[in-house]
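Visitor: Structure provided below as structure tokens; questions to follow.
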Amino acid sequence: MAAHEWDWFQREELIGQISDIRVQNLQVERENVQKRTFTRWINLHLEKRNPPLEVKDLFVDIQDGKILMALLEVLSGRNLSPGHQLLCPWWASMGSL
3 MAAHEWDWFQ
13 REELIGQISD
23 IRVQNLQVER
33 ENVQKRTFTR
43 WINLHLEKRN
53 PPLEVKDLFV
63 DIQDGKILMA
73 LLEVLSGRNL
83 SPGHQLLCPW
93 WASMGSL
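In structure tokens:
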């Protein structure tokens, strides 16, 4: 194989690697944008709560479920705290069959 053909193959391989890196970077940036957007949306609703709550790190702050419960309360307009009786959906009783 001639040297110029080898250089061409190396060049094409390098271009492919650069393209892969660009795609990965775009995917990471897209995920970051989605995370920031969702965090802003959650905070917009949690401001309505008394006392207001704020999410700083989406994945860390929602781990224990308290923020999610507060968000559900704001969105539904219902008290969902522990001990509060909720109507059980029909499929919830199916687990005991």
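FYI, the numbering for the sequence shown is 3 to 99, going by our numbering.
Beta carbons: idealized from backbone N, C-alpha and C, even for Gly.
#1: Would you call residue 44 buried or exposed, if buried means 16 or more other Cβ atoms sit within 10 Å of its Cβ?
#2: When burial is assigned at 16 or more other CB atoms within 10 Å of the CB, is residue 73 buried or exposed?
#3: Which of the three DSSP states is assigned to residue 27 in this structure?
#4: Roughly how many angstroms lie between the CA atoms of residue 81 and residue 21, to the nearest whole one?
#5: Using CA atoms only, rank isn't needed, just tell me which of 49, 23, 71 is closest to residue 83.
#6: By Cβ distance, which residues of its chain are closer than 7 angstroms to residue 12, with the 5 residues on each side in sequence left out?
Guide: If we stick to the structure as given:
#1: A residue is called buried when at least 16 other Cβ atoms come within 10 angstroms of its Cβ; residue 44 meets this threshold and is buried.
#2: Buried is the call here.
#3: Residue 27: helix per DSSP, three-state reduction.
#4: Spanning the two alpha carbons is a distance of roughly 50 angstroms.
#5: That would be 71, whose Cα lies nearest to the Cα of residue 83.
#6: Correct list: empty, nothing qualifies.
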